[in-house]
Amino acid sequence: MKVLVTGSAGFIGNRVSERLLERGDEVIGLDIVSPYYDVKLKEDRLAKIIDHPNFTEARIDLADREKVAKLFADHKPDGVINLAAQAGVRHSLEAPMDYVDSNLVGFVNILEGCRHAKVKHLVYASSSSVYGTNDKMPFSTSDAVDHPISLYAASKRANELMAHTYSHLFQFPTSGLRFFTVYGPWGRPDMALFLFTKAIMNDETIDVFNNGEMKRSFTYIDDIVEGVIRTLDNPPTALAETCDASDPARSMTAPFRVFNIGSDTAVGLMRYIEVLEENLGKTAKKNMLPMQPGDVPATWADVDDLREAVGYQPTTSVEDGVKKFVEWYREYYGK
Numbered sequence: 002m003k004v005l006v007t008g009s010a011g012f013i014g015n016r017v018s019e020r021l022l023e024r025g026d027e028v029i030g031l032d033i034v035s036p037y038y039d040v041k042l043k044e045d046r047l048a049k050i051i052d053h054p055n056f057t058e059a060r061i062d063l064a065d066r067e068k069v070a071k072l073f074a075d076h077k078p079d080g081v082i083n084l085a086a087q088a089g090v091r092h093s094l095e096a097p098m099d100y101v102d103s104n105l106v107g108f109v110n111i112l113e114g115c116r117h118a119k120v121k122h123l124v125y126a127s128s129s130s131v132y133g134t135n136d137k138m139p140f141s142t143s144d145a146v147d148h149p150i151s152l153y154a155a156s157k158r159a160n161e162l163m164a165h166t167y168s169h170l171f172q173f174p175t176s177g178l179r180f181f182t183v184y185g186p187w188g189r190p191d192m193a194l195f196l197f198t199k200a201i202m203n204d205e206t207i208d209v210f211n212n213g214e215m216k217r218s219f220t221y222i223d224d225i226v227e228g229v230i231r232t233l234d235n236p237p238t239a240l241a242e243t244c245d246a247s248d249p250a251r252s253m254t255a256p257f258r259v260f261n262i263g264s265d266t267a268v269g270l271m272r273y274i275e276v277l278e279e280n281l282g283k284t285a286k287k288n289m290l291p292m293q294p295g296d297v298p299a300t301w302a303d304v305d306d307l308r309e310a311v312g313y314q315p316t317t318s319v320e321d322g323v324k325k326f327v328e329w330y331r332e333y334y335g336k
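Residue numbers for the sequence shown follow the working numbering, beginning at 2 and rising by one.
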């Protein structure tokens with residue numbers, strides 16, 4: 002299969018690209034390598050795959066309509082995995098136009114490319130953030146997601162609606178994946194595990210929001226990647242009369258699905274920190290703070306739909322996953 006992976010220098014996109022190459026697929030990797038966080042980390046991720054004979058780099062901006070259209074016309078991918086996006090809830094409070102350009106304009110460019118290149122399946126990143134103020138646990142894809150509390154979340158919900166429209170109008174399959182907190186080696190430096198590790202090792206204080214009363218479906222990177230690739234290999238079909246018309250995660254008229262992807266166990270933030278302390282052999286200095294705007298106190302994934310559809314089953318515990326991250330961090334930074 003020839004697969005276009007956007008965000009190929011990113012945390013998830015890079016590992017997805019690696020796995021596709023390992024199994025013999027051809028990968029076109031699109032990434033602008035933006036300075037949102039450490040560019041060296043992104044370049045080092047790319048260095049793992051850039052010399053592979055089946056990898057083609059496309060260093061272009063997803064929001065550049067003409068260049069994206071030309072990329073599709075030149076390569077005619079069979080499948081697309083769209084993981085490029087402006088990430089981060091907190092950054093969306095400060096730089097909203099970054100989200101418009103990448104997550105909205107960029108996503109339309111992807112949809113148009115898929116349409117004209119007759120792509121067989123588009124898999125794209127959504128987010129658990131779309132659940133917003135929903136306090137019913139665990140989060141289910143059958144729940145209403147009409148009250149996002151950050152522009153980032155709103156942009157991801159918009160992607161789901163846009164994908165359904167294109168699937169309905171042009172009958173090409175789309176699958177949205179609502180990612181829950183992903184962590185592991187080569188992770189994002191703006192995420193909690195990375196920030197906590199750096200601070201603890203430097204004897205600095207860590208900020209613990211909502212006074213530590215947070216829970217997350219922390220999900221190890223390899224479990225996520227397995228789910229992404231299984232989803233790519235299993236495009237949806239229109240469900241016609243067998244579909245509940247009120248279910249927002251599937252469609253009667255279009256080959257369209259939305260899934261949760263993450264750990265089906267919610268772990269307390271304080272336990273997460275405790276496991277990190279055990280692996281570092283140091284106790285964190287904690288600055289207990291109130292909840293931040295745009296954040297939510299808990300996420301918990303119901304992944305039954307994805308398990309049924311593609312056999313997805315996360316297997317990595319927080320204890321094992323954090324241990325692997327710390328081992329990688331020490332090796333990469335020479336600590």
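Cβ coordinates follow ideal geometry from the N, Cα and C atoms, glycine included.
Check your understanding: Does the distance from the CB of N15 to the CB of R60 come in under 9 angstroms?
Key -> no
Point to revise | Supposed contact pair C115 and L105 - C-beta distance, whole angstroms, cut 8 angstroms | key: 16 angstroms between Cβ atoms; not a contact.
Exercise for review: Decide if the segment 252 to 265 is in contact with the segment 170 to 186; the criterion is three or more beta carbon pairs, one per stretch, under 8 angstroms apart.
Suggested key: The segment 252 to 265 vs the segment 170 to 186: in contact.
Check your understanding: With C-beta atoms as the reference, is V4 less than 9 angstroms away from V34?
Key -> no
Practice item. Would you kindly report the start and end of the unbroken alpha helix (DSSP H) that includes A267? Key: Segment: none, A267 is in no alpha helix (DSSP H) and carries neither H nor E.
Practice item. Under 8 angstroms Cβ to Cβ from K121, same chain only, skipping five residues before and after it: list those, please. Key: D79, G80, F173, P174 and P236
**Study point:** Alpha-carbon spacing of Y100 relative to Y184, whole angstroms
**Key:** 22 angstroms
Practice item. Whole angstroms is fine: what's the gap from P249's alpha carbon to D144's? Key: 8 angstroms
Check your understanding: Can you tell me whether DSSP reads E23 as helix, strand or coil?
Key -> helix
Practice item. Alpha carbon to alpha carbon, how far is L194 from N343? Give it in angstroms, no decimals. Key: A question about residue 343 goes unanswered here, because the residues of the chain that appear run from 2 up to 336.
Exercise for review: Report the partner residues of N261 according to the DSSP bridge assignment.
Suggested key: Beta-bridge pairing by DSSP links N261 to R179.
**Study point:** R91 (DSSP reduced to helix, strand or coil)
**Key:** coil
**Study point:** Three-way DSSP call (helix, strand, coil) for N135 in this model
**Key:** coil
Check your understanding: What residue from A10, R91 and D191 has the CA that sits closest to S151's CA?
Key -> R91
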